[in-house]
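Counted the way this note's numbering counts, the sequence shown spans residues 11 to 423.
Don't be surprised by glycine CBs; every beta carbon is placed ideally from N, CA and C.
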Amino acid sequence: TYIYTLDGPEADIEQAAETDLAAILFTSGTTGNPKGVMLTHKNLVSDCYIAQSNLNIYHTDVFYALLPIHHSYTMLAVFIEALSVGAEIVFGKRIVTKAILKDLKEAKVTMFLGVPMLFNAVLNGIMKGIKAKGPIVYALIRILMSISGFIKKVFKVNPGKKMFHSILDKASLSSIRICISGGGPLAPSIFKQYNQLGIDFVQGYGLTETSPIIALNPTEHYKETSVGKVLPLTDLRILDPDEQGIGEIIVKGPMVMQGYYKMPEETRETFTEDGYLKTGDLGYLDSENYLYLTGRAKNLIVTEGGKNVYPEEIENEFQLYGEIEQILVRGYLIDAKMKTEGIEALVYPNQEAFKDSVGALKPKEEIKQRIEAIIAEVNQRLKPYQKIERVTVLDEPMEMTTTKKIKRSAVKI
11 TYIYTLDGPE
21 ADIEQAAETD
31 LAAILFTSGT
41 TGNPKGVMLT
51 HKNLVSDCYI
61 AQSNLNIYHT
71 DVFYALLPIH
81 HSYTMLAVFI
91 EALSVGAEIV
101 FGKRIVTKAI
111 LKDLKEAKVT
121 MFLGVPMLFN
131 AVLNGIMKGI
141 KAKGPIVYAL
151 IRILMSISGF
161 IKKVFKVNPG
171 KKMFHSILDK
181 ASLSSIRICI
191 SGGGPLAPSI
201 FKQYNQLGID
211 FVQGYGLTET
221 SPIIALNPTE
231 HYKETSVGKV
241 LPLTDLRILD
251 PDEQGIGEII
261 VKGPMVMQGY
271 YKMPEETRET
281 FTEDGYLKTG
291 DLGYLDSENY
301 LYLTGRAKNL
311 IVTEGGKNVY
321 PEEIENEFQL
331 YGEIEQILVR
341 GYLIDAKMKT
351 EGIEALVYPN
361 QEAFKDSVGA
371 LKPKEEIKQR
381 IEAIIAEVNQ
391 RLKPYQKIER
401 VTVLDEPMEM
411 TTTKKIKRSA
421 VKI
């Protein structure tokens with residue numbers, strides 16, 4: 011039965027105004043309680059079409075929806091964007107890598123939008139398969155990847171799609187035209203390797219309060235360490251920048267929310283006196299209006315030497331370590347009077363990575379030693395004031411949001 015064939019009188023449908031409320035979407039609540047974000051038709055429609063100035067999509071595309079549709083990322087970047095050009099949408103059932111790869115292959119997905127955790131897992135699987143062929147083959151593939159990446163970035167042509175077709179096909183990625191990572195920070199090394207393999211891989215930035223997209227990397231001129239170029243008609247500024255140009259990101263534009271549902275006080279606190287939305291994220295802009303994130307203002311760590319440390323930058327260093335399923339970096343108080351902090355990491359190991367040949371979990375001490383060895387390895391790459399000084403290996407995973415981000419406010423350890 012279709013709606014067109016149903017019997018009954020037609021209802022008088024009132025034309026919606028662009029200022030009418032279209033949706034109330036709730037924030038993920040990573041640093042506090044979820045809030046209902048009021049978005050109008052203008053907010054959603056303007057963001058949909060403005061984003062397309064940095065990204066070409068077609069009616070022949072097949073979008074893959076993985077996250078729940080009540081999340082702004084899926085609602086706008088998958089559902090509404092696909093509808094705007096008449097493209098197809100495939101809905102994934104589970105955030106399980108094997109099931110996702112099966113969906114991608116069967117549906118011949120061309121637009122794969124996901125979160126860092128998922129893209130990390132897929133890339134880990136690809137590189138693990140290459141390593142299994144031996145050190146010589148692995149070294150050769152890495153050299154070819156570097157050459158492919160250089161040609162793509164400098165000459166704007168993409169040889170990787172043909173060079174690595176068999177690898178991409180085995181990983182169910184051969185039909186993918188564009189991968190977009192959102193919902194959290196992605197390590198530049200992951201971004202780089204996908205592009206080297208011939209996949210147009212871009213990052214975007216936004217939040218529920220901005221419908222959500224406000225920055226997106228154009229495929230033809232991407233920057234690996236940036237979360238994207240600020241979209242047209244978007245007035246994005248850095249509030250009170252320090253000597254490095256880092257400050258809180260504030261934004262004004264047609265995609266910015268009307269406020270929080272039944273929370274007038276919180277709404278007032280979220281906007282500046284001249285109407286800019288305070289994102290709570292810290293970052294900086296370059297001369298070409300590309301945005302770079304450093305972390306959340308609430309998560310900032312001030313060390314004994316007065317240095318500002320952004321936990322997210324440290325956490326990104328662990329994205330390619332398959333033995334670590336979750337890591338949360340935070341400050342712990344060293345001197346209450348001076349308000350100085352040390353840096354600690356809470357780590358939940360990947361249980362599958364620490365099972366022996368019969369499937370039993372290895373001894374806790376052995377797991378702890380390996381985690382500490384990884385921390386020590388990463389510490390060597392960090393600046394002296396960024397080094398992790400204390401490590402706690404957890405027996406249970408930390409609570410996560412639907413976008414697979416750790417709920418920092420729920421961690422009571």
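Problem - Given residue 248 as reference, the closest of 208, 291, 313, 269 once Cα atoms are compared - result: From the listed residues 208, 291, 313, 269, the smallest Cα separation to residue 248 is found for 291.
Practice task
Determine the extent of the beta strand (DSSP E) in which residue 369 is found, giving its start and end residues.
Solution key: Note, residue 369: premise wrong, no beta strand (DSSP E); not H, not E.
Handout entry: Inter-residue Cα distance where the pair is residue 256 and residue 294
Key = 5 Å
Practice task
Grab me the residues of residue 339's own chain with a C-beta within less than 6 Å of its C-beta, minus the 5 sequence neighbours each way, in chain order.
Solution key: 321, 324, 325, 355
Practice task
List the whole-angstrom C-beta distance separating residue 138 from residue 148, where the pair is believed to meet the contact cut-off of C-beta under 8 Å.
Solution key: With 8 Å as the limit, residue 138 and residue 148 do not qualify as a contact, their Cβ atoms being about 10 Å apart.
Handout entry: the stretch 230-246 in contact with the stretch 193-212 per 3-pair CB rule at 8 Å
Key = Touching, yes.
Practice task
Go ahead and pull the three-state DSSP assignment for residue 215.
Solution key: strand
Problem - 8 Å contact criterion, which residue 441 and residue 177 should meet: CB distance rounded - result: The shown model of the chain, from 11 to 423, leaves out residue 441, and the question about it has no answer.
Practice task
Taking 8 Å as the threshold, find out whether the stretch 152-161 comes into contact with the stretch 82-94 through three or more Cβ pairs.
Solution key: no
Problem - Assigned secondary structure, residue 307 (DSSP; H/G/I helix, E/B strand, else coil) - result: helix
Handout entry: Alpha carbon of residue 264 to alpha carbon of residue 52, nearest angstrom
Key = Those two C-alpha atoms are separated by around 7 Å.
Handout entry: Bridge partners - residue 58, DSSP secondary structure assignment
Key = According to DSSP, residue 58 bridges with nothing at all.
Handout entry: Reference residue 224; option with closest CA among 260, 196, 252, 253
Key = Comparing C-alpha distances from residue 224 to each of 260, 196, 252, 253 shows the shortest one belongs to 260.
Handout entry: Rounded straight-line distance, which links the Cα of residue 337 to that of residue 421
Key = 12 Å
Handout entry: Beta-bridge partners of residue 341, as assigned by DSSP
Key = 353
Practice task
Counting only runs of 4+ residues fully inside the stretch 103-159, write out the alpha helix (DSSP H) ranges in chain order.
Solution key: 107-117, 126-141
Handout entry: Range covered by the alpha helix (DSSP H) that runs through residue 245
Key = From DSSP, residue 245 is part of no alpha helix (DSSP H) but of the beta strand (DSSP E) over 245-249.
Practice task
Starting from the C-beta of residue 222, find all residues in its chain whose C-beta is less than 7 Å away, skip the five residues before and the five after it, and write them out in chain order.
Solution key: Result list for residue 222: 82, 83, 86, 216, in chain order.
Handout entry: Terminal residues of the alpha helix (DSSP H) in which residue 89 lies
Key = Neither: residue 89 is in no alpha helix (DSSP H) and is coded neither H nor E.
Problem - alpha helix (DSSP H) segment containing residue 178, residue limits - result: 175-180
Problem - 6 Å CB neighbourhood of residue 198 in its chain, flanking five on each side removed - result: 234, 235
Handout entry: Beta-carbon gap between residue 48 and residue 269 smaller than 8 Å
Key = yes
Practice task
State the Cα-Cα distance for the pair residue 65 and residue 377, rounded to the nearest angstrom.
Solution key: 44 Å
Problem - Range covered by the alpha helix (DSSP H) that runs through residue 278 - result: It spans 274-280 - the alpha helix (DSSP H) in which residue 278 sits, taken as one unbroken run.
Practice task
Return the first residue and the last residue of the alpha helix (DSSP H) that residue 201 is part of.
Solution key: 198-206 is the span of the alpha helix (DSSP H), which, as asked, contains residue 201.
Problem - Among 34, 369, 364, the one whose alpha carbon lies nearest that of residue 405 - result: 364
Problem - Selection from 388, 371, 362, 359 that minimises the alpha carbon distance to residue 327 - result: 388
Practice task
Quickly, what does DSSP pair residue 191 with across the bridge? List them, please.
Solution key: DSSP lists 124, 213 as partners of residue 191.
Exercise for the section: Let me know the secondary structure DSSP gives residue 34 once reduced to three states. Expected result: strand
Problem - Short Cβ contact (8 Å threshold) for residue 408 with residue 358 - result: yes
Problem - Touch test, the stretch 33-47 against the stretch 70-77, Cβ-Cβ under 8 Å, three pairs minimum - result: Short answer: they don't touch.
Exercise for the section: With a 10 Å radius around its C-beta and 16 neighbouring C-beta atoms as the bar for buried, classify residue 181 as buried or exposed. Expected result: buried
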